[in-house]
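First comes the structure, then the notes that go with it.
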Amino acid sequence: MTKACCLATLLCLLALAGCAETDPYKRAQPAPTGDLSASQAIDAYNRRWPKQFKCVQTVTLDFGPVTRTLVGYLIVQQPGQFRLQGMTEQGLKIFDIIGKGPETTTVFAADEFDARTLANIARDIRRVYLNQAADVVPMVQTTLGEFGWVVTGKAQVDQAAGNTQVSLRNQDDTLRLSLVGQPARLDRAVVLREGNGLYRLDQYEWQAQAGRQQPTVIVLRERGVESRGPAYKLTIQVTQFTLRDKPWPEKTFEAGP
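For the sequence shown, this note's numbering assigns the number 1 to the initial residue and increments by one for each residue that follows.
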């Protein structure tokens, strides 16, 4: 083999290694879901988190050579509501935001957290915990603000040996789900626009919490398209989780004192 061929082979292998980025966490054990209808697959996606809960999470943001870690105190109320307080690892509050549907209200933000940064944080919270899908008639050509999916046409469900692949489309994007086990659980979600990936969501380290199996590590990869910045990886480690039986009081999602 010539030196040129050897160099070309080496470059090819390095490129493939870069594309096959993996995380040091344990996935859900591959297991068939059994036959799923489109509506059942969508329901599995929509029920990936309980309707109302609170949690403490350690969040690590990696973009380029920069890594930053903070602690988040999150309250969620479906449909579409959350409150997130961000703290430094030393316990200093750096932001407090409220999400209601597609709207985000800033209660408090340190100087370094401008409106664009907070909008990106709110968008990723919706991606991980709140985004919903619905199977509707094809003539509906819209999305539910920033936090929801309306599916135009029928979802495509492909059975595989260890999981079920589901493809949902709206007028702009494609949402690809990988579901495993019975009852079906979300292992991975990928969103594409015009064939190119917008973001990928992987769920790891499943544990029994509040009577159900839930991931304790979530990794979100953003290409930088919607964030209008560099690509980044967001790693969320859920350290405390509390399920709530009743809806949160309305004042939880109000900016008042």
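A virtual CB, placed ideally from N, CA and C, is assigned to each residue, including glycine.
For Ala-231, which residues in the same chain have their Cβ closer than 6 Å to its Cβ, ignoring the five residues on either side in sequence? The beta carbon of Ala-231 lies closer than 6 Å to those of Arg-223, Gly-224 in the same chain, with the five residues before and after it left out.
Are the CB atoms of Pro-30 and Val-180 nearer to each other than 7 Å? yes
Grab the span of the beta strand (DSSP E) containing Ser-178 for me, first residue to last. 173-180
Where does Arg-212 land, buried or exposed, given buried means 16+ other C-beta within 10 angstroms? Residue environment analysis places Arg-212 among the exposed positions, since fewer than 16 neighbouring C-beta atoms fall within 10 angstroms of its C-beta.
Could you tell me which of Leu-168, Pro-32, Phe-53 sits nearest to Pro-249, measuring between CA atoms? The shortest Cα separation from Pro-249 among Leu-168, Pro-32, Phe-53 belongs to Phe-53.
Alpha carbon to alpha carbon, what distance is there between Val-219 and Gln-203? 7 Å
According to the Cβ coordinates, are Thr-239 and Thr-33 closer than 7 Å? no
Taking the continuous alpha helix (DSSP H) assigned at Ala-119, which residues delimit it? 115-125
Since Asp-187 and Ser-178 are thought to touch, with beta carbons under 8 Å apart, how far apart are those beta carbons, to the nearest angstrom? 5 Å
Which residues in the same chain have their Cβ closer than 6 Å to the Cβ of Leu-74, if we skip the five residues on either side of it in sequence? Cys-55, Leu-84
Is the distance from the Cβ of Leu-243 to the Cβ of Pro-79 below 7 Å? no
Please go through the same chain and pick out, in chain order, the residues whose beta-carbon is closer than 6 Å to the beta-carbon of Ala-4, but skip the five residues on each side of it. The predicted position of Ala-4 is uncertain, since its pLDDT is 44 and thus under 50; a value taken from the coordinates is nonetheless stated next. If we look at Ala-4 and ignore the five residues flanking it on each side, it has no Cβ neighbours.
Leaving aside the five residues before and after Val-59 along the sequence, list all residues of the same chain whose C-beta is less than 6 Å from its C-beta, in chain order. Leu-70, Gly-72, Ile-236
Considering just the uninterrupted stretch of the beta strand (DSSP E) at Tyr-199, what are its terminal residues? Unbroken beta strand (DSSP E) run through Tyr-199: 196-209.
Buried versus exposed call for Gln-77 [16 or more other C-beta atoms within 10 Å across all chains shown]: buried
Let me know the secondary structure DSSP gives Ala-38 once reduced to three states. helix
Do you know how far the Cα of Pro-183 is from the Cα of Glu-112? Between the alpha carbons of Glu-112 and Pro-183 lies a distance of about 43 Å.
Can the beta-carbon of Ile-97 be found closer than 7 Å to that of Thr-106? Ile-97 is a Cβ neighbour of Thr-106, given a cutoff of 7 Å.
Mind checking Leu-168: buried by the 16 CB within 10 Å criterion, or exposed? Result: buried.
With 16 as the cutoff for other CB atoms within 10 Å, does Phe-108 come out buried or exposed? exposed
Helix, strand or coil for Glu-250, going by three-state DSSP, please let me know. DSSP places Glu-250 in the helix class (H, G or I) of the three-state scheme.
Return the bridge partner residues of Glu-222 from the DSSP annotation. Tyr-199, Tyr-232
Within 10 angstroms of its Cβ, does Leu-234 collect 16 or more other Cβ (buried), or is it exposed? buried
Comparing alpha-carbon positions, which option in Gly-195, Lys-246, Val-157 lies nearest Ser-37? Val-157
Between the Cα of Asn-196 and those of Thr-174, Gln-207, Pro-65, Trp-206, spot the shortest distance and give me the residue it belongs to. Thr-174
CA-CA distance, Arg-116 and Ala-44? 32 Å
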